[in-house]
Structure formats: C-alpha cells, structure tokens
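Have a look at the structure below before the remarks.
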Amino acid sequence: MSSKRYILGIDIGTTGCKCIVVDLEGRCLGEGTSLYSILSPYASWAEQDPEAVFAGVIEAVRRAVSTSRAPPEEIWALSLSGALHSLLAVDREGVPLTKALIWADTRGKEYSLRIREEHDAHQIYKRTGCPVHPIYPASKILWIRENLTSAYRKAHKFVSLKEYVLYKLLNKHLVDRSIASGSGLFNIHNLDWDYDTLGILGITADRLSKHVATTAVFEGLEPRYAEAMGIRSDTLVVIGAGDGLLSSLGAGSVEPGQLTCMIGTSGAVRVLSQEPKLDEKERTWCYLLTDEAWVVGGAINNAGLVYQWFRERFYPREETAYQVLDE
C-alpha cells in the first residue's frame, strides 16, 4: 500500500458531478466538475438523461485526475456520493428504458395519494423512515407502470442514478443501504428491502439491486471507463452513501445529537442518531448513513435550485452569470 497515496471523492449531484483528488492526509490536490441538465417538459416533471449524467461523471474524474497530476498507479481508491430518490428502469443489459425521475419530480402525486387511501401509509413510514410522498421512488414506479407500460414490462431493474453509474463502472447491480433507505422501499430496522411495501407496488426484490453496506469495497472497474477517467482498472471502489448524509458527515456530524444545516440544490436540516428515530406526525424522514448510524431530518426542495432557474431564464448565454448574481 506504500505506493498508493491518493483517493478520489466523486459526488454525483443534481446539476453536475464534482470530483476531488486527496492524499491520505486529506489534502486536496486536484478537482474537476461537469454540468448536466434537468429536463422539465411538463409541470411537476424533473428528469435527467442517465447517459449524460454518466458522461459527466467520467469527465469530472478525468479533469480532477489531470489537474492533480497523480500517477494512475498511485491512486488507491474512489468513493461515490449520489443524490437520493431518483429512479429509472433498465433492461437486462443495463440499458435505460426511461429517463431518470429525480428527487424534484412529483408527477407521481396521484399514486402516493392512492397508496395513502388504500393502505396504512403510517405503517409504511414506520418501517421505511420515508413518508408516502411523490418524491420517493415508490410513486415513480407506479407512474411508470401506468404511463410507460412497455418500459415497465421490459424493466429488469429499477435503479437510482448512482446505481446506474455503478453498473456502468462495475457491471454489477449494487445499491448502498444509504441510497436504498431513501427509496421508501427499504426497511430501516432490519436493513433489508421492505417486502410489504414491494407487495403494495406489485414488484419483487429481484427487480431491485443487491443492497450492501456503505463501506463495501469492490474491484474490477470496466477498463475502457477507467482509461477514460485516467485511472487504472484495479482502483478500488468504496460504494459510499447518499449525498446529504455525507454532507452532514463532512460538516462534522460524527456524534449522536450533532445537527447540521445544508443548503445546496435543495436544503435540509439533519441530526445523527444511533437508532431509527421517527415522528408520529411524519414531519421528518430517517435514512441510513452506516449500518449502525441513522440520520433524521427535514428538507426543502427549492433552495439553491432557484439560482439555476434564474440563470437559465435571465442569463442563458452568460458564462459569468453567477458572478453577476454575487455583485
């Protein structure tokens, strides 16, 4: 391990991908970013092209590695952060059958209301830590079933954007338990898919990825993508967790009761807990950071995202638009 001196941190965000190269003391030696679009063809729709997101990941890593000048043979591992609540359908070859419906997409409102009317939604919340709400993949699966019938029938797996990226990189359908816990399909108490909720949706667990601990390590990067990123195919992959939970960790929330406030594309207040914490009025959610740590919080969807909306409408061709906003 003596020659392995560098680690890549990759954040697959809502509006772009960010990558940094750090040494084993945590010093940042290089960084790279890429941007991709949120598509909103109709009110309440917010979707992304999974291929564009994957290309953005490759580009951000390539730029970070290039600026760091870290020799590929000295890069030990990479780890990934990803936005919660996205969903797309893929076929048996992992090819997307739909766009990715991201956290800001609420087109499934009708289906979340239907679940609340026909089932005990509070019990779903108590098992999964997720209130029945259209941002969660459960409602999105039902929307795809009712509106994209052909894609639903052909779907081999329903995955998040981070899972899609991992599949492209490792040729395995994997999901960390942090991302899984933000799906509304995962039991945060026994750390497995919530089979009662899957039954309500009419799907089985084999149509979801294999869930693993957020600290799980994998080998075997797809050589062509490793080369495109400027790293070796034997670089280790630490699967990582959801972006907001890692944001809290990075801000120093490492002990139970420590609270953080984050304002990014969305905004959230979170607190670390040693056990699942739920609210009888369902005002908070509860997700996993690790198999022994949970994060409880509440969020707002339209925080920093309003800046992108403003830029696209008033400064669509102005590269320095954000500098103008800061003046």
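For the sequence shown, the residue numbers in the working numbering are 119 to 445.
All C-beta atoms, glycine included, are put in the ideal place defined by N, C-alpha and C.
Given the structure is predicted, the values throughout are model-derived calculations rather than measurements.
Which whole-angstrom value describes the C-beta separation of Asp209 and His291, a residue pair presumed to lie in contact below a C-beta threshold of 8 Å?
The residue labelled residue 209 in the question sits at position 91 within the sequence shown. The residue labelled residue 291 in the question sits at position 173 within the sequence shown. Actually they are not in contact, since the Cβ atoms of Asp209 and His291 sit about 12 Å apart, beyond 8 Å.
Which first and last residues belong to the alpha helix (DSSP H) in which His314 is found?
Residue 314 sits at position 196 when you count from the first residue of the sequence shown. The identity of residue 314 in the sequence shown is Asp, whereas the question assumes His. 313-319 is the span of the alpha helix (DSSP H), which, as asked, contains Asp314.
Beta-carbon contacts of Cys135 that lie in its chain and below 6 Å, excluding the five residues immediately before and after
Residue mapping note: residue 135 aligns to position 17 of the sequence shown, counting from 1. Cβ neighbours of Cys135 beyond the five flanking positions: Ser152, Gly174, Val175, Ala178.
According to DSSP, simplified to helix, strand and coil, what is Asn420?
Taking the sequence shown and counting its residues from 1, the one referred to as residue 420 is at position 302. Residue state, collapsed to three classes: coil.
Three-state secondary structure (DSSP) at Gln392?
Locating residue 392 in the sequence shown gives position 274, counting from the first residue. Reduced to three states, the DSSP call for Gln392 is coil.
Please state the DSSP three-state secondary structure of Glu228.
Counting from 1 along the sequence shown, the entry for residue 228 is found at position 110. Looking at Glu228 - three-state DSSP - the assignment turns out to be helix.
Measuring only the C-alpha atoms, how far is Asn419 from Asp352?
Counting from 1 along the sequence shown, the entry for residue 419 is found at position 301. Counting from 1 along the sequence shown, the entry for residue 352 is found at position 234. Distance between the alpha carbons of Asn419 and Asp352: 38 Å.
By DSSP, does Lys136 sit in helix, in strand, or in coil?
Here residue 136 refers to the residue found at position 18 when the sequence shown is read from its first residue. Note: Lys136 maps to strand in three-state DSSP.
Less than 7 Å separating the beta-carbons of Leu423 and Thr383?
Translated into positions along the sequence shown, residue 423 becomes position 305. Translated into positions along the sequence shown, residue 383 becomes position 265. Going by C-beta atoms, Leu423 is nearer than 7 Å to Thr383.
Quick one: give me the first and last residue of the beta strand (DSSP E) that Leu403 is part of.
Position 285 of the sequence shown, counted from the start, is the residue given in the question as residue 403. Strictly speaking, residue 403 in this sequence is Trp, with Leu absent from that position. Its beta strand (DSSP E) spans residues 403-408.
Sequence ranges, alpha helix (DSSP H) only - wholly within the stretch 223-270, length at least 4
227-236, 239-246, 255-265
So what does Pro214 bridge to, in DSSP terms?
For the purposes of this step, residue 214 is identified with residue 96 of the sequence shown, where counting begins at 1. Checking the DSSP bridge columns, you'll see Pro214 partnered with Val208.
Looking at C-beta atoms only, is the number of pairs between the stretch 394-405 and the stretch 337-352 that lie closer than 8 Å three or more?
no
Going by DSSP, what residues sit across from Ser122 in a beta bridge?
Reading the sequence shown from its first residue, position 4 is the one you call residue 122. The identity of residue 122 in the sequence shown is Lys, whereas the question assumes Ser. Beta-bridge pairing links Lys122 to no other residue.
Ser230 and Asp361: beta carbons closer than 7 Å?
As a working note, residue 230 is residue 112 in the sequence shown. As a working note, residue 361 is residue 243 in the sequence shown. Contact: no.
When DSSP builds the beta bridges, which residues end up paired with Trp412?
Looking up residue 412 in the sequence shown gives position 294. Bridge partners of Trp412: Ser391, Leu406.
Could you tell me the distance, in whole angstroms, from the CA atom of Ser158 to the CA atom of Asp167?
Taking the first residue of the sequence shown as position 1, residue 158 is located at position 40. Taking the first residue of the sequence shown as position 1, residue 167 is located at position 49. About 12 Å.
Would you check if the distance between the CB atom of Leu326 and the CB atom of Ala195 is smaller than 7 Å?
Within the sequence shown, the letter at position 208 stands for residue 326. Within the sequence shown, the letter at position 77 stands for residue 195. For Leu326 and Ala195, no; Cβs fall outside 7 Å.
Would you call the stretch 284-298 in contact with the stretch 215-228, where contact means no fewer than 3 C-beta pairs closer than 8 Å?
no
Which same chain residues, not among the five before or five after Val183, have their C-beta less than 7 Å away from its C-beta?
In the sequence shown, counting from the first residue as 1, residue 183 sits at position 65. If we look at Val183 and ignore the five residues flanking it on each side, its Cβ neighbours are Val139, Gly148, Met347, Gly348, Ile349.
With a threshold of 6 Å on Cβ separation, who are the neighbours of Ala298 within its own chain once the five nearest residues in sequence on each side are excluded?
For the purposes of this step, residue 298 is taken as residue 180 along the sequence shown, with counting starting at 1. Contacts found: Phe304, His329.
Here's the rule: buried if 16 or more other CB atoms are within 10 angstroms of the residue's CB, otherwise exposed. What is Glu281?
The count along the sequence shown starts at 1 and reaches residue 281 at position 163. Answer is buried; the Cβ neighbour count reaches 16.
In terms of alpha-carbon separation, which member of Lys395, Pro434, Arg429 lies closest to Gly416?
If you number the sequence shown from 1, residue 416 lands on position 298. Closest option to Gly416, Cα to Cα, is Lys395.
Does the beta-carbon of Ala161 have 16 or more other beta-carbons within 10 angstroms, so that it is buried, or is it exposed?
To locate residue 161, count along the sequence shown from 1; it is residue 43. Looking at its Cβ environment, which holds fewer than 16 other Cβ atoms inside 10 Å, Ala161 is exposed.
Inter-residue spacing [alpha-carbon to alpha-carbon] between Lys227 and Pro252
For the purposes of this step, residue 227 is identified with residue 109 of the sequence shown, where counting begins at 1. For the purposes of this step, residue 252 is identified with residue 134 of the sequence shown, where counting begins at 1. Lys227 and Pro252 have their C-alpha atoms some 5 Å from each other.
DSSP has Glu165 in a bridge; who is on the other side?
Counting from 1 along the sequence shown, the entry for residue 165 is found at position 47. Leu157, Leu219, per the DSSP bridge assignment.
Straight-line gap, Tyr124 to Glu264 (C-alpha atoms, nearest Å)
Your numbering for residue 124 matches position 6 in the sequence shown. Your numbering for residue 264 matches position 146 in the sequence shown. Near 47 Å, if we compare the C-alpha coordinates of Glu264 and Tyr124.
Determine the burial state of Met119: buried for a count of at least 16 other Cβ atoms within 10 Å of its Cβ, exposed for fewer.
Looking up residue 119 in the sequence shown gives position 1. Only weak support is given to the placement of Met119: the predicted model assigns it a pLDDT of 46, under 50, and the question is left unresolved by the model.
Contiguous alpha helix (DSSP H) assignments of at least 4 residues, all confined to the stretch 323-374:
341-347, 361-368
Coil, strand or helix - Lys290 by DSSP:
Walking along the sequence shown from the start, residue 290 turns up at place 172. In the structure shown, Lys290 sits in coil (DSSP, three-state: anything other than H, G, I, E or B).
Go to Ala298, then tell me how far its alpha helix (DSSP H) extends in each direction, as first and last residue.
The residue you call residue 298 lines up with position 180 of the sequence shown. Its alpha helix (DSSP H) spans residues 295-299.
C-alpha gap between Lys122 and Val414, whole angstroms
Your numbering for residue 122 matches position 4 in the sequence shown. Your numbering for residue 414 matches position 296 in the sequence shown. Going from the Cα of Lys122 to the Cα of Val414 covers about 36 Å.
Based on Cα-Cα distance, which residue from Leu363, Pro341, Gly317 lies nearest to Cys404?
Counting from one through the sequence shown, the residue named residue 404 turns up at place 286. Answer by Cα proximity: Leu363.
In whole angstroms, what separates the C-alpha of Leu126 from that of Ala201?
The count along the sequence shown starts at 1 and reaches residue 126 at position 8. The count along the sequence shown starts at 1 and reaches residue 201 at position 83. Between Leu126 and Ala201, the C-alpha separation is close to 18 Å.
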